[in-house]
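Numbering (our numbering), first residue to last: 39 to 168. The beta carbon of each residue, even a glycine, is placed where N, CA and C say it ideally should be.
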């Protein structure tokens, strides 16, 4: 079972996800990672906050094909800063093989001011900051 600091979701592979080589197109990996971040923040829902994605890095380890049928997108809270949270992410094949892994940096957002803002103590706590 996933901890409160981890989100995990099974995502089916669709025909539209494939490129001419028969594997998932690299742009789709970012959609899969977004599903994982969504699962993570759903677990943190009562203390969720508006954020913007400011950085993403991704290493492709092995192909994902249609015959895999589904993958698991996993997102875990890594580092919590004063305004940002680093999320460690991976895409796993059904057998547990890591197909891709990386990290994203999300910054807390003030919708009224249209700028970044400090994370509250409650938000930092919900993210597991010590």
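State the start and end residues of the unbroken alpha helix (DSSP H) segment that holds residue 159.
-> Residues 159-164.
For the beta strand (DSSP E) that contains residue 89, what are its first and last residues?
-> 89-98
Return helix, strand or coil for residue 70, following the three-state DSSP convention.
-> helix
Would you kindly report the start and end of the unbroken beta strand (DSSP E) that includes residue 147?
-> 136-148
Beta strand (DSSP E) containing residue 50: first to last residue?
-> 44-50
In angstroms with no decimal places, state the Cα-to-Cα distance between residue 70 and residue 129.
-> Per the coordinates, the alpha-carbon of residue 70 lies some 7 Å from the alpha-carbon of residue 129.
In whole angstroms, what separates the C-alpha of residue 45 from that of residue 144?
-> 15 Å
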